[in-house]
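K.L.:
Residue numbers (this note's numbering): 2 to 160.
Think of the CB as a built atom: it goes at the ideal place given N, C-alpha and C, for glycine as much as any other residue.
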Ligand code: THU
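(1) Work out the CA separation of residue 72 and residue 66 for me, nearest whole Å.
(2) Does the Cβ of residue 80 have 16 or more other Cβ atoms within 10 Å, making it buried, or fewer, making it exposed?
(3) As a quick check of your reading: which residues have a C-beta less than 6 Å from at least one non-hydrogen atom of ligand 1, in chain order?
(4) Quick one: Cα of residue 63 to Cα of residue 38, how far?
(5) For the stretch 27-44 and the stretch 3-16, state whether three or more C-beta atom pairs, one from each stretch, are separated by less than 8 Å.
(6) Can you round the beta-carbon distance between residue 134 and residue 96 to whole angstroms, since I take them to be within the 8 Å contact cut?
(7) Out of 98, 46, 89, which one is the CA nearest neighbour of residue 137?
(8) Provide the residue(s) that pair with residue 48 in DSSP beta bridges, ordered along the chain.
(9) Going along the chain, which residues of its own chain have a beta-carbon closer than 7 Å to the beta-carbon of residue 147, five neighbours each way excluded?
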């Protein structure tokens, strides 16, 4: 039997100052989205911002619901918002941050499994890698492609 090793690269920045100006601006957009988060059940606020190939930035935040599966994660809110407003544009990067009690959490927030699958669909639609910038106040992690977050991903393929 063969052994397949899967390797991913995560870039780590100590603070936003180490990011490119564009990624820094996107991260700030994600932070600016936090006050719109509606998270009365988890108290876990998440903000996200999507960068398009048109240079537009579109944000989103988590929107919870008493019937929890009806809630929406911040990444999905931002992606659906971007796709609705700019249907022809390609997504090139997404930034995501979390906060509790009005304070940015120190650890980077990593997209949940469902969001990874949704992000992957946008990456395939775009035909270019989507960088994911996962912010925390203590450090920031970046992957260059959604595929790095979701290796061996599901595809609707019968081949
Ligand atoms: N959440 C997100 O917004 N994005 C993720 O990738 C993971 C989780 C939200 C969903 C819920 O409102 C709260 O965080 C706690 O799970």
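P.N.:
From the atom records:
(1) Cα to Cα, the separation comes out at about 5 Å.
(2) That one is buried.
(3) Those residues having their beta-carbon less than 6 Å away from any non-hydrogen atom of ligand 1 are, in chain order, 40, 43, 45, 47, 63, 65, 72, 74, 75, 76, 112, 113, 116.
(4) Approximately 5 Å, taken between the alpha carbons.
(5) At 8 Å Cβ cutoff, the stretches do not touch.
(6) The C-beta separation of residue 134 from residue 96 comes to about 4 Å, placing the pair in contact by the 8 Å criterion.
(7) When only C-alpha atoms are compared, the closest one is 98.
(8) Residue pairing by DSSP puts residue 48 in a beta bridge opposite 62, 98.
(9) Once the five neighbours on either side are set aside, the close Cβ partners of residue 147 are 117, 120, 121, 124, 131, 133.
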